[in-house]
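Just below is one structure, and these are the notes that go with it.
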Amino acid sequence: MHKLAVNLSMIFTEVPLIERFALARSHGFDHVEIQFPYELNIDQIRHELRVHDLSLCLINVPAGDLMQGGNGIAGIPGQEIAFHQTMQQAIEYASALNVPSINILAGKQPLDSDLLPCLETLSSNLKMACSMLADYDIQPVFEMINGKDMPRFLIQNVAQAQEMLEAVNHPALKMQYDCYHMAMMGEDILAALQENIQMIGHIQFADCPGRHEPNTAAINYNDIFTWLAQSNYAGFIAAEYKPSNHSNESFAWKNRYFPQGN
1 MHKLAVNLSM
11 IFTEVPLIER
21 FALARSHGFD
31 HVEIQFPYEL
41 NIDQIRHELR
51 VHDLSLCLIN
61 VPAGDLMQGG
71 NGIAGIPGQE
81 IAFHQTMQQA
91 IEYASALNVP
101 SINILAGKQP
111 LDSDLLPCLE
121 TLSSNLKMAC
131 SMLADYDIQP
141 VFEMINGKDM
151 PRFLIQNVAQ
161 AQEMLEAVNH
171 PALKMQYDCY
181 HMAMMGEDIL
191 AALQENIQMI
201 GHIQFADCPG
211 RHEPNTAAIN
221 YNDIFTWLAQ
231 SNYAGFIAAE
241 YKPSNHSNES
251 FAWKNRYFPQ
261 GN
């Protein structure tokens with residue numbers, strides 16, 4: 001059975017983050033993910049998870065100024081100490097809240113930097129992350145983000161992610177595969193999943209274009225979810241989209257594709 005999750009950073013944004021756990025449970029979800037949970041303290045999140053009988057399956061490492069238009073941290077030469085500090089913060093949250101995976105956002109190539117040093121810095125930092133997480137049995141993943149929404153992002157497609165996996169060469173490191181981002185890059189979503197599933201540790205989905213819920217645009221999620229159900233993929237599949245209307249009205253896909261729950 002699928003391990004289905006809902007992203008609390010992009011869905012249920014009609015209310016503050018601390019109120020979104022209850023909404024996730026009310027729509028039948030057992031698992032949630034949060035991009036950056038750090039606006040809440042660990043005790044607050046633990047309380048919400050316990051009260052609503054939820055598990056937190058993924059968080060991101062703090063990414064500095066990336067989400068505000070900056071370059072981020074993980075792939076920026078000279079920011080290695082800052083990256084180590086953000087890893088420590090992510091580990092504090094993940095270990096206390098039993099989060100099985102941490103996502104590391106590569107960041108963007110600075111306008112005044114060459115690409116190769118950035119990729120070498122990212123590779124080195126991913127190796128460090130793998131080493132740090134090994135003691136906690138937490139899986140590191142890193143995400144490909146399309147270069148249209150985020151120009152100069154260091155890892156934009158599957159081929160680049162494959163190259164980074166080879167450079168890091170650590171068995172724990174996996175891709176985080178976001179169907180929306182790869183559709184924006186012109187990838188064949190189903191074929192890429194089929195060819196790379198052993199290298200994928202976490203999957204997210206939204207339709208494309210628009211990044212709304214499934215069945216609002218062009219991605220054939222019937223074939224994707226059917227294949228995933230028959231595959232040996234054991235990770236989480238997370239809804240990470242911008243609801244086209246109110247969040248509470250955006251879950252027709254759940255009854256259609258996941259009638260047995262999660």
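Numbering (full-length UniProt numbering), first residue to last: 1 to 262. The beta carbon of each residue, even a glycine, is placed where N, CA and C say it ideally should be.
- Determine which residues share a DSSP beta bridge with N41 and list them. Under DSSP, N41 takes part in no beta bridge, so it has no partner.
- Beta-bridge pairing of H31 - partner residues as DSSP gives them: In DSSP, H31 forms a bridge with A5, S55.
- Message: What ranges does the alpha helix (DSSP H) occupy inside the segment 180-231, keeping only unbroken runs of at least 4 residues that lie completely in it?
- Response: Taken in chain order, the complete alpha helix (DSSP H) segments of 4 residues or longer contained in the segment 180-231 are 189-196, 221-230.
- Helix, strand or coil: how does DSSP classify F142 here? The three-state secondary structure of F142, taken from DSSP, is strand.
- Report the partner residues of I73 according to the DSSP bridge assignment. Among the bridge pairs identified by DSSP, I73 is matched with none.
- Message: Suppose contacts are defined by Cβ-Cβ distances below 7 Å. Is V141 in contact with H202 by that definition?
- Response: Yes, Cβ-Cβ distance for V141 and H202 is below 7 Å.
- Exposed or buried, residue 264, counting other C-beta atoms within 10 Å across all chains shown (16 or more means buried)? The shown model of the chain, from 1 to 262, leaves out residue 264, and the question about it has no answer.
- Taking just the CA atoms, how far does L54 sit from R46? So the alpha carbons of these two residues sit roughly 10 Å apart.
- In or out: S101 buried (at least 16 other Cβ within 10 Å) or exposed? Its Cβ being crowded by 16 or more others within 10 Å, S101 is buried.
- Message: When you compare the CB of L111 with every CB in chain B, is at least one pair closer than 7 Å?
- Response: Although the question refers to chain B, the structure presented lacks it and comprises just one protein chain.
- Sequence-distant residues of the same chain with beta carbon closer than 8 Å to V15, five excluded per side: The residues are L23.
- Given that a residue counts as buried once 16 or more other Cβ atoms are within 10 Å of its Cβ, and exposed if not, what is T13? Answer is exposed; the Cβ neighbour count stays below 16.
- CB of Y177 within 7 Å of CB of E213, strictly: Note that the C-beta distance between Y177 and E213 is not below 7 Å.
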